[in-house]
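Each remark here refers to the structure printed beneath this line.
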Amino acid sequence: MAPITPQPGIMEIALYVGGQSHVEGVSDVLKLSSNENPFGPSPKAKQAIAEAVAEVHRYPNTDHAPLREAIGEVHGLDPERIICGVGSDEVLQFLCQAYAGPGDEVVHTEHGFAMYPILAHAVGATPVVARERERVTDVDALLAACTERTKLVFIANPNNPTGTMIGGNEIARLADGLPEGAILVLDGAYAEFVEGYDGGVSLVDARDNVFMTRTFSKLYGLGGLRIGWGYGPKEIIDVLSRIRQPFNLSEIQMAAAIAAVRDRDYAEFCRAENTRMRAWLARELAALGVPSDTSLANFVLARFADVAEAEAVDAHLKSRGVIVRRVASYGLPNCLRITVGDEAGCKRVVDGIRSFQEARQ
Numbered sequence: 126m127a128p129i130t131p132q133p134g135i136m137e138i139a140l141y142v143g144g145q146s147h148v149e150g151v152s153d154v155l156k157l158s159s160n161e162n163p164f165g166p167s168p169k170a171k172q173a174i175a176e177a178v179a180e181v182h183r184y185p186n187t188d189h190a191p192l193r194e195a196i197g198e199v200h201g202l203d204p205e206r207i208i209c210g211v212g213s214d215e216v217l218q219f220l221c222q223a224y225a226g227p228g229d230e231v232v233h234t235e236h237g238f239a240m241y242p243i244l245a246h247a248v249g250a251t252p253v254v255a256r257e258r259e260r261v262t263d264v265d266a267l268l269a270a271c272t273e274r275t276k277l278v279f280i281a282n283p284n285n286p287t288g289t290m291i292g293g294n295e296i297a298r299l300a301d302g303l304p305e306g307a308i309l310v311l312d313g314a315y316a317e318f319v320e321g322y323d324g325g326v327s328l329v330d331a332r333d334n335v336f337m338t339r340t341f342s343k344l345y346g347l348g349g350l351r352i353g354w355g356y357g358p359k360e361i362i363d364v365l366s367r368i369r370q371p372f373n374l375s376e377i378q379m380a381a382a383i384a385a386v387r388d389r390d391y392a393e394f395c396r397a398e399n400t401r402m403r404a405w406l407a408r409e410l411a412a413l414g415v416p417s418d419t420s421l422a423n424f425v426l427a428r429f430a431d432v433a434e435a436e437a438v439d440a441h442l443k444s445r446g447v448i449v450r451r452v453a454s455y456g457l458p459n460c461l462r463i464t465v466g467d468e469a470g471c472k473r474v475v476d477g478i479r480s481f482q483e484a485r486q
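For the sequence shown, the working numbering gives the first residue as 126, with consecutive numbering after it.
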């Protein structure tokens with residue numbers, strides 16, 4: 126009997142490992158490993174969730190029209206060019222399912238989000254890595270990595286886990302230089318943390334080969350509900366809508382997202398606090414001799430002298446109940462990605478690293 130085998134590429138996938146949540150023997154744990162909003166979701170979103178619970182016995186609507194209209198109204202977008210998914214990850218999955226397969230290539234940056242190669246392998250496509258320049262997306266390297274087999278190019282802007290980003294002119298140059306038939310995907314999971322940044326809307330509107338994604342998991346504090354969306358040319362939205370499961374989002378998810386995106390005062394509060402504490406955290410780390418690149422997201426990528434020091438700091442912080450993210454799997458073994466928490470949380474991080482250094486003296 127022939128063995129039962131999965132589709133090509135699936136066994137090449139390294140299982141995704143999320144941020145740690147618990148420390149054995151420690152009760153007062155501060156989780157700064159998953160880039161979550163320390164303030165949680167908008168009170169209006171919480172109220173919407175409570176009200177939607179009464180209708181969980183009903184199937185949700187299949188076209189997400191109220192949510193798409195709310196997103197469109199807030200961001201000035203055509204709702205007909207928006208698609209919603211179970212987190213932005215699902216929208217990225219739709220793109221791979223629809224446009225890549227065996228024999229095709231999916232290009233991503235050296236330190237890009239771990240889901241990009243996973244999604245490429247899942248459809249039998251080949252992930253191709255483009256080097257970064259000092260942990261910043263390198264457009265020339267991306268263009269050099271493209272071939273006639275390239276179908277998708279993924280960049281996160283700002284990038285995870287580096288926190289760095291490139292400007293609109295560079296993104297436009299990348300889009301204009303792609304091979305015919307390739308799509309540039311702008312992953313904007315952290316776009317809301319950048320003051321005045323549209324996440325790529327102007328580029329999507331000006332071209333037929335650019336698509337952008339966003340999420341409610343970061344600034345909006347709804348990571349546990351898994352809600353995301355994408356915006357692109359109508360032709361691409363039409364293709365993706367044909368493979369989207371009709372009931373992929375519940376009424377609870379949609380109600381929470383609608384309330385969250387409309388609560389602009391709360392979103393601005395979260396953005397302002399993140400900006401304030403991100404600057405403070407980076408400055409205090411630098412004073413301790415721990416450098417980081419200028420981050421435009423809700424985390425800081427702290428660089429240590431070597432792998433051993435990064436691992437030792439991580440272990441010391443855990444002993445004090447502070448969980449950060451080791452990013453060796455992203456090719457950054459001497460770094461720790463630290464979510465920007467509230468003021469008390471950021472001070473716990475700095476105090477922990479200071480105590481580590483003092484113990485070594």
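Beta carbons are placed, not taken as given, at the ideal position from N, Cα and C, and that holds for glycine.
Values in this document were obtained by computation on a predicted structure and should not be read as measured data.
A distance below 7 angstroms between beta-carbons, with the five flanking residues on each side excluded, links Gly226 to the following residues of its chain, in chain order: Val248, Gly249 and Ala250.
The straight-line gap separating the alpha-carbon atoms of Arg403 and Glu180 is approximately 40 angstroms.
Between Arg260 and Asp418 the beta-carbon gap is near 6 angstroms, inside 8 angstroms, which marks them as a contact.
Inside the stretch 285-342, DSSP marks whole beta strand (DSSP E) runs of 3 or more residues at positions 308-312 and 335-340, from first to last along the chain. In the three-state scheme derived from DSSP, where H, G and I count as helix and E and B as strand, Glu436 is classed as helix. In this structure, the CA atom of Tyr141 is about 21 angstroms from the CA atom of Val432.
Residue range Gly212 to Tyr224 is occupied by the alpha helix (DSSP H) that includes Gly212. With contacts defined by Cβ atoms closer than 9 angstroms, Ser167 and Asp467 do not form a contacting pair.
The DSSP-derived three-state label of Gly197 is helix.
Between Ala392 and Glu317, the C-beta spacing is below 9 angstroms. Secondary structure note for Cys271: it is in no beta strand (DSSP E), with a DSSP letter that is neither H nor E. Annotated three-state conformation of His233 is strand, per DSSP.
Apart from sequence neighbours up to five positions away, the residues of its chain that approach Ile138 with a beta-carbon distance below 7 angstroms are Ile243, His246 and Ala247, ordered along the chain. Taking a cut-off of 8 angstroms on C-beta distances, the stretch 443-452 does not touch the stretch 304-319, as fewer than three cross pairs fall below it. Look at the stretch 147-185 and you find these whole runs of alpha helix (DSSP H), each 4 residues long or longer: 168-177.
Contact annotation: the stretch 368-380 touches the stretch 187-199, with at least three C-beta pairs closer than 8 angstroms.
Comparing C-alpha distances from Phe394 to each of Phe164, Arg479 and Val154 shows the shortest one belongs to Phe164. A straight-line Cα-Cα distance of about 23 angstroms links Thr234 and Ile361. Excluding sequence positions up to five before and after Val415, its CB lies within less than 6 angstroms of the CB of Ala427, all in the same chain and listed in chain order. 9 angstroms or more divides the Cβ of Gly348 from the Cβ of Val216. Sequence-distant Cβ neighbours of Arg256 in its own chain, meaning closer than 7 angstroms and more than five residues away, are Glu235, Asp263 and Ala266. Nearest neighbour of Ser420 by Cα position, chosen from Phe481, Arg462 and Pro458, turns out to be Arg462.
Cβ-Cβ distances below 7 angstroms link Tyr224 to Lys276, Leu277 and Ile308 in the same chain, with the five nearest sequence neighbours on each side left out; the list follows chain order. Rounded to the nearest angstrom, the gap between the Cα atoms of Phe481 and Val465 is 20 angstroms. Between Glu376 and the set Leu350, Asn285, Lys343 and Asn160, the nearest pair of CA atoms involves Leu350.
The three-state reading of DSSP puts Leu442 in helix, counting H, G and I together.
In the DSSP secondary-structure assignment, Ala427 is bridged to Ser417 and Leu461. Contact annotation: Leu413 and Val425 have beta-carbon atoms that are not nearer than 9 angstroms. Phe238 is positioned such that its CB atom lies no closer than 9 angstroms to that of Ala300. Counting along the chain, the unbroken alpha helix (DSSP H) around Tyr391 starts and ends at Arg389 to Ala412. Using a Cβ distance threshold of 9 angstroms, Tyr356 and Phe336 count as a contacting pair.
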